[in-house]
Structures are given as structure tokens and as C-alpha cells.
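What follows is a short report on a single structure.
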Amino acid sequence: MSKIWGDKDGEGPPELGGNIGNFSVRLHAKRFLQEGRYVFNVFADDRSRVRVDGKEIISAWKVGSFQQNGSILLQQGWHNIEVDYMNDNFNAYIKLNWKKIP
267 MSKIWGDKDG EGPPELGGNI GNFSVRLHAK RFLQEGRYVF NVFADDRSRV
317 RVDGKEIISA WKVGSFQQNG SILLQQGWHN IEVDYMNDNF NAYIKLNWKK
367 IP
């Protein structure tokens with residue numbers, strides 16, 4: 267799951283009126299995952315929270331570029347992944363990935 271809205275040298279997307287500052291979004295995904303422990307890794311600028319099946323596993327509600335990890339034990343099946351993102355100004359991006367820990 268990855269989204270780039272713009273950077274300090276460019277314009278934001280049309281749906282934001284070309285502005286890349288002071289906005290928030292909620293992203294959703296539904297994925298079928300095998301049983302096991304998963305580590306989720308978020309790279310963002312600025313604030314973000316990640317929930318899996320309603321359980322918050324990453325809470326990084328801070329300004330600036332960062333990377334943060336969180337893990338969760340999952341049963342095999344469909345899982346809801348939800349990301350809250352808020353940008354204060356300038357760079358606006360978030361990238362979330364996950365992998366099963368062997």
C-alpha cells in the first residue's frame with residue numbers, strides 16, 4: 267500500500283486542489299493472509315496510524331519523515347488493514363508494507 271501526493275517542489279493532486287498541506291485520509295485494504303506473525307512497516311511524512319482488524323499496531327502521530335514497525339499474530343483468513351494519514355505541510359507520502367516472520 268503506497269501513496270505519494272506530492273513534495274515541497276511539486277504540486278499536490280487535483281483532488282486536493284493542488285495543495286499538499288493540511289489534509290488527512292483513511293486508506294483501507296482487505297487481504298487474505300496465512301497464519302503467523304506479521305511485521306508491518308510504515309514510511310511516512312507526516313502522521314500515521316495502522317490498524318489490523320481494528321487493533322492498532324502502529325501509532326506514529328508526529329510531524330516529519332519517519333519509519334516505524336509493529337507486529338501482530340494473525341490466523342489464516344481475510345484481514346482488514348486500515349491506515350489513517352495526516353499531512354501538515356510539504357512532503358506528503360505514506361508507504362506501508364508487511365511480511366510474515368519465519
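Using our numbering, read the sequence shown as starting at 267 and increasing by one per residue.
For glycine and all other residues, C-beta sits at the position ideal for the given N, C-alpha and C.
Item: Run through the DSSP bridge pairs and tell me what K309 is partnered with.; Value: Per the sequence presented here, residue 309 reads as Phe, with Lys not at that position. Paired residues: Q333, K361.
Item: What is the rounded straight-line gap between the Cα of A310 and the Cα of N355?; Value: 13 Å
Item: Which one of N288, G320, K361 has the shortest CA to CA distance from W344?; Value: G320
Item: Suppose you measure from the CA of F306 to the CA of N363; what does that come to, to the nearest Å?; Value: 6 Å
Item: Out of curiosity, what's the CA-to-CA distance linking K328 and Q334?; Value: 11 Å
Item: Residues in its own chain within less than 8 Å of N288 by CB, not counting five upstream and five downstream?; Value: N353, D354, N355
Item: I need the DSSP call for E301, collapsed to helix, strand or coil.; Value: coil
Item: In this structure, how does DSSP classify W327 when only helix, strand and coil are distinguished?; Value: coil
Item: Starting from D350, trace the beta strand (DSSP E) in both directions and tell me its first and last residue.; Value: 343-353
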